[in-house]
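Colleague:
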Amino acid sequence: MTTPTLRGRDLISAADLSADEITRLFALATELKAEYRAERRHANPPLERKTLAMLFQKPSLRTRVTFEAGMTQLGGHAIYLTESVVLGGRETVGDVARNLEGFVDAIMARTGPHEVVVELAARASIPVINGLTIREHPCQALADLFTVYEHFGDLRGVVLSFVGDGNNVYHSLALMGATLGMEVRLAHPVGYGPNERIVARAREIAAQAGGRLVFTGDPREAVEGAHVIYTDAWTSMGQEAEAEERRDAFARYQVNADLVTISPEAVVMHCLPAHRGEEITSDVMDGPRSVIFDQSENRLHAQKALLVELLAR
Ligand code: CP
Ligand code: NVA
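Residue numbers are given in this note's numbering: position 97 of the sequence shown equals residue 105, and the series is strictly consecutive.
#1: Hey, would you say the C-beta of T80 is under 8 Å away from at least one heavy atom of the ligand SAM?
#2: On the three-state DSSP scale, how would you describe L267?
#3: Below 8 Å on the Cβ atoms is my guess for R268 versus T239; work out the distance and round it to an integer in Å.
#4: Whole angstroms are fine: how far does the CA of A320 sit from the CA of S58?
#5: So Y178 packs on L188, CB below 8 Å; how close in whole Å?
#6: Can you tell which of T74, T224, E252 and P281 has the C-alpha that lies nearest to the C-alpha of V192?
#7: Which value, in whole angstroms, describes the spacing of the CA atoms of A310 and G172?
#8: Q81: buried (16+ other C-beta within 10 angstroms of its C-beta) or exposed?
#9: Using the three-state DSSP reduction, which class does F154 fall into: helix, strand or coil?
#10: Three or more C-beta pairs closer than 8 Å, one from the stretch 56-71 and one from the stretch 113-128: is that the case here?
#11: What I want to know is whether the C-beta of P395 ends up closer than 8 Å to one or more non-hydrogen atoms of the ligand NVA.
#12: Along the chain, which unbroken stretches of the beta strand (DSSP E) at least 3 residues long are found entirely within the stretch 161-208?
#13: Which of the three DSSP states is assigned to S290 in this structure?
#14: Beta-carbon within less than 6 Å of I137's beta-carbon, same chain only, minus the 5 sequence neighbours each way: which residues are those?
#15: Please work out which residues of its chain come closer than 8 Å, Cβ to Cβ, to S290, disregarding the five sequence neighbours upstream and downstream, and give them in chain order.
#16: What three-state label does DSSP hand H309 in the structure shown?
#17: Check the C-beta distance from I237 over to V276 and give it rounded, since I have them as a contact under 8 Å.
#18: Assuming A114 contacts L60 under a Cβ cut-off of 8 Å, what Cβ separation, rounded to an integer in Å, is found between them?
#19: Should A132 go down as buried or exposed, given a rule of 16 or more other Cβ atoms within 10 Å for buried?
#20: Inspect the beta-carbon positions of Q303 and T141 and report whether they are closer than 9 Å.
#21: Give the list of continuous alpha helix (DSSP H) stretches no shorter than 4 residues that lie fully inside the stretch 61-92.
#22: Could you have a look at I142 and say whether DSSP puts it in helix, strand or coil?
#23: Rounded to whole angstroms, what's the CA-CA distance from V231 to G78? Just pull it up for me.
#24: Any heavy atom of the ligand CP closer than 8 Å to the CB of L140?
#25: I'd like the span of the beta strand (DSSP E) that includes I237, first residue to last.
#26: What's the gap between the Cα of F322 and the Cα of R143?
#27: Can you tell me which residues form a DSSP beta bridge with I115?
#28: Going along the chain, which residues of its own chain have a beta-carbon closer than 7 Å to the beta-carbon of P227, five neighbours each way excluded?
#29: Only counting the same chain, and skipping five residues up and downstream in sequence, which positions put a Cβ closer than 6 Å to that of I206?
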């Protein structure tokens with residue numbers, strides 16, 4: 009196993025990692041994945057006696073289970089805490105951070121507002137990992153681009169076309185994709201574009217790394233020549249009141265058999281949970297070009313690499 013370089017750091021934004029650091033994480037994820045798949049265990053679990061506190065203000069299947077199972081597989085332990093226990097107004101975010109840093113080795117938090125995870129990281133002396141905020145989902149981007157790396161190798165020049173909402177998942181893919189020199193495209197309806205400050209930051213990163221950001225209103229134009237066609241739910245957690253309005257606005261942005269025909273070599277990705285028949289059809293999701301469930305499995309391997317780099321001695 010390689011020597012950790014991220015020890016003690018936080019992962020709040022996908023822009024927190026350099027291209028070298030991401031590449032190292034991919035290499036370590038590859039090793040951990042191969043060993044775990046072959047043996048269903050690690051011969052020398054690197055996180056013995058380490059504990060991760062996991063704070064959830066929103067529901068989760070993948071993030072919760074992959075972090076918790078990941079800690080177990082690495083020889084450590086994870087504790088699941090819901091909103092009613094922490095971050096729910098019972099005590100301040102700063103007090104939660106000051107308690108937890110005395111009890112555990114790292115915190116993973118899924119919050120609503122991005123500022124909460126930023127504050128946790130500022131107040132806690134131990135690593136804090138963003139497990140999704142309204143603004144970003146960096147662990148998703150790490151696992152997704154690890155999946156793309158498994159398919160295409162070097163990511164420079166690889167075209168990822170995101171069709172749908174300029175949301176948290178898009179933001180993190182744009183930042184990390186730019187860092188790796190990718191071309192990240194977004195096709196979105198008017199009024200559902202990304203955060204302009206994140207786009208400005210991604211553009212700065214892309215200019216240095218040789219990446220590119222492209223925007224269009226036309227999903228067909230966006231997927232032309234793409235290596236990856238990516239979509240996510242039209243309504244993110246917390247936006248449920250807008251669901252009907254969003255279904256209308258995004259109707260033209262469905263990833264279906266007709267759309268994916270435009271780029272016959274592209275793989276299809278979705279961070280899940282999916283709304284079959286809305287942003288993606290079942291034939292595409294379950295079809296031969298879908299890597300959606302590989303992507304989901306890679307949450308486990310990519311995050312285990314991250315945990316080892318943050319916490320192992
Ligand atoms: N993709 C993802 O983060 O899934 P969960 O919401 O189930 O954690
Ligand atoms: N954009 C989605 C991602 C879920 C993993 C949401 O925030 O609900």
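Cβ coordinates follow ideal geometry from the N, Cα and C atoms, glycine included.
Modeller: Here's the rundown:
#1: With respect to the ligand SAM, the structure offers nothing, as its ligand set consists of the ligand CP and the ligand NVA.
#2: helix
#3: The question names Arg, but residue 268 in the sequence shown is Val. Actually they do not touch by this definition, with Cβ atoms about 11 Å apart.
#4: Here residue 58 is Lys; the residue named in the question, Ser, does not match the sequence. Spanning the two alpha carbons is a distance of roughly 9 Å.
#5: At roughly 16 Å, the Cβ-Cβ gap does not stay under 8 Å, so Y178 and L188 are not in contact.
#6: T224
#7: 25 Å
#8: buried
#9: helix
#10: yes
#11: Because the chain in this structure spans residues 9 to 321, residue 395 falls outside the shown range and cannot be described.
#12: 167-171 and 191-195
#13: helix
#14: L19 and M116
#15: R284
#16: helix
#17: 5 Å
#18: 5 Å
#19: buried
#20: no
#21: 70-81
#22: coil
#23: 34 Å
#24: yes
#25: V236 to T239
#26: This structure leaves residue 322 out entirely; the chain is present only between 9 and 321.
#27: A61 and V136
#28: V171, A195, R260, Y261 and L267
#29: H179
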